[in-house]
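**Student:** Count the first sequence with our numbering and you get residues 10 to 331, in order.
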Amino acid sequence: MPEGHSVHRLARQFDDVFGGQVLAISSPQGRFSDAAKLIDGQKLLSSHAHGKQLFLGFENDLILRIHLGLYGAWSFGGDEHFSGASSIGAPRRVGEVEQGPDADQGSYDGPPEPVGQVRARLVSAHGWADLRGPSACEVITEEQALIARAKLGPDPLVGAAGEFNLAKGRGTAEDVAADALGAKKEFIARLAKKKTPIGTALMDQSLLAGVGNIYRAETLFRCQIDPFMPCNELSKPRAAALWDDIVSIMNDGVRDGKIITTRIEDRNAAGPLWPENAYYTYQRQHQQCRICDSGIALMEVAARKLYWCPGCQPKARKRATR
DNA sequence: CTAGCATGATCAC
DNA sequence: TGATCCTGCTAGC
Numbered sequence: 010m011p012e013g014h015s016v017h018r019l020a021r022q023f024d025d026v027f028g029g030q031v032l033a034i035s036s037p038q039g040r041f042s043d044a045a046k047l048i049d050g051q052k053l054l055s056s057h058a059h060g061k062q063l064f065l066g067f068e069n070d071l072i073l074r075i076h077l078g079l080y081g082a083w084s085f086g087g088d089e090h091f092s093g094a095s096s097i098g099a100p101r102r103v104g105e106v107e108q109g110p111d112a113d114q115g116s117y118d119g120p121p122e123p124v125g126q127v128r129a130r131l132v133s134a135h136g137w138a139d140l141r142g143p144s145a146c147e148v149i150t151e152e153q154a155l156i157a158r159a160k161l162g163p164d165p166l167v168g169a170a171g172e173f174n175l176a177k178g179r180g181t182a183e184d185v186a187a188d189a190l191g192a193k194k195e196f197i198a199r200l201a202k203k204k205t206p207i208g209t210a211l212m213d214q215s216l217l218a219g220v221g222n223i224y225r226a227e228t229l230f231r232c233q234i235d236p237f238m239p240c241n242e243l244s245k246p247r248a249a250a251l252w253d254d255i256v257s258i259m260n261d262g263v264r265d266g267k268i269i270t271t272r273i274e275d276r277n278a279a280g281p282l283w284p285e286n287a288y289y290t291y292q293r294q295h296q297q298c299r300i301c302d303s304g305i306a307l308m309e310v311a312a313r314k315l316y317w318c319p320g321c322q323p324k325a326r327k328r329a330t331r
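In C-alpha cells, the structure reads:
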C-alpha cells in the first residue's frame, strides 16, 4: 500500500544500513528460495526506487526487484551500529504505515525466528530485514531491470532520497535538476496527449510513477482540478502546477514518513495532526470540506475509491464560464 | 473471533 | 469489469 514516498525512504534505508555490505539472503517461507540463492552472499552495491518499485543491485550484477503491492511491508532490526546508520529514524517496519524504532533497547542477538510468512530475509553483520506480502519479489538481470523501469512513467521523486549507486556515486545537483526538469516536461507532454480523466491518469504507473490513491485525491484537491476532467483539457500551466504540487507533497512524504497534505491554516488545531488533520479529501467522504461548505464526495472508479470536493473541484465547463 | 477492508496491479473474458 | 493474489489491521459481533 505504500505510495512512492515510502519506497524512496526504503531505498535510502537499504543504502544506509546495508550499502556496501555482504548479505545473507534467504526465504524462510520458501517461495523465494531459488531466486534467493542467486544473490545470497553477494555485496549490495545499489539501492534505487522508481515509483513504487525498489531495485537492489548486487555485486554479481543481479537485481532484486520488489513491489510491495497492497500489503507488502519490510521489518528491520539490528544492533546500535545498524540503527545508527539509518537516516530515516531506524524504522521497525515500513509498509502501509511506518512504525518507529523499537522501544526496548535489548541487546542484538541476530535475527529473530521468522514469524508468519517471511518471503525474503536479508541479514548483514549488524542487522536484518524481513519482507512480507510483496506482490513482486524477483531476481532479474540489469537488462530486465531496465525494461521494467522503461514501463514506468516519470517519477516525481527523481533525484530525491533513495537515488544511490555505489558504483556510480550520487548524481551531481545539476544532474538531479536536469532529470527533474525532464520528468516534468515528460509528464506535461503525456497529459496533453491523453483524453482519459485526470483522476484515472494519475493512478496509471506507466504515465506517472509513484502516485497512489491518497496523493491522487489530495493533489487534485490542492490544485482545484475536477478528477473527471480529460487530461488534454488541462492547460499547460495547470499541468505544470499539478506536477509541482505532486513533487512538493511527495517530498514532504519522504521527509515525514507519512502523507500529510493539509496546509497549516486548513487544519483543525483541536485534533491531532495525523491522521485526523492530514488530508483534505481522502477518507473524508460526507464530511465537510475544509475550505468550502460542500460535503466530500466518494465514487468507485476503476475499482478504486475516488474522493473529491464538488465545490472546490468544479466541473471544467463550470470553471470555463466563470 | 471474524469478516471486511486497504495507500496495488495483473490477468481473463 | 470482475476475479485473483498477497497480509495485517480493525470494526463489529
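We put the beta carbon where it would ideally sit given N, CA and C, even for glycine.
Note that the structure is predicted; figures quoted are calculated from it, not measured.
(1) On the CB-based measure, 16 or more other CB atoms within 10 Å of its CB, does residue 397 come out buried or exposed?
(2) Whole angstroms are fine: how far does the CA of residue 228 sit from the CA of residue 171?
(3) If I'm right that residue 12 touches residue 72 with Cβ under 8 Å, what's the distance once you round it to whole angstroms?
(4) On the DSSP letters alone, give me the boundaries of the alpha helix (DSSP H) that residue 259 sits inside.
(5) Tell me which residues share the same chain as residue 168 and place their Cβ nearer than 6 Å to its Cβ, disregarding the 5 neighbours each side in the sequence.
(6) Specify the secondary structure class of residue 333 as computed by DSSP and reduced to three states.
(7) If you compare alpha carbons, which of 266, 147 and 280 is closest to residue 42?
(8) Give me the residue from 92, 144, 274 and 142 with the minimum Cα distance to residue 9.
(9) Measure the Cβ-Cβ separation of residue 217 and residue 284 and say whether it is below 9 Å.
(10) Throw me the rounded Cβ distance for the residue 144 and residue 59 pair, which I believe falls under 8 Å.
(11) Just checking, does the segment 22-36 make contact with the segment 119-131 on the three C-beta pairs under 8 Å criterion?
(12) Ignoring anything shorter than 3 residues, give me the beta strand (DSSP E) runs that lie fully in the segment 126-213, in order along the chain.
(13) Buried or exposed: where does residue 79 fall if 16 or more other Cβ atoms within 10 Å of its Cβ makes it buried?
(14) What is the residue span of the alpha helix (DSSP H) that residue 224 lies within?
(15) Applying the 10 Å Cβ sphere with the 16-neighbour rule, what's the burial state of residue 176?
**Tutor:** So, from the listed chains and residues:
(1) There is no way to answer for residue 397, as the model of the chain reaches only from 10 to 331.
(2) Any answer about residue 171 is weak, because its pLDDT of 44 lies below 50 and its placement is not dependable; what the coordinates show is given next. The straight-line gap from Cα to Cα measures roughly 23 Å.
(3) About 22 Å separates the two Cβ atoms, so there is no contact after all.
(4) 245-265
(5) 185, 188 and 189
(6) With the chain covering 10 to 331 only, the question about residue 333 has no answer from this structure.
(7) Nearest Cα to residue 42 within the set 266, 147 and 280: 147.
(8) Because the chain in this structure spans residues 10 to 331, residue 9 falls outside the shown range and cannot be described.
(9) At least 9 Å separates the beta-carbon of residue 217 from that of residue 284.
(10) Rounded, the Cβ-Cβ distance is 16 Å, inconsistent with contact.
(11) yes
(12) 129-132, 136-141 and 145-150
(13) exposed
(14) 222-231
(15) Confidence at residue 176 is low in this model, with a pLDDT of 40, below 50, so the placement of that residue is unreliable and no value is reported for it.
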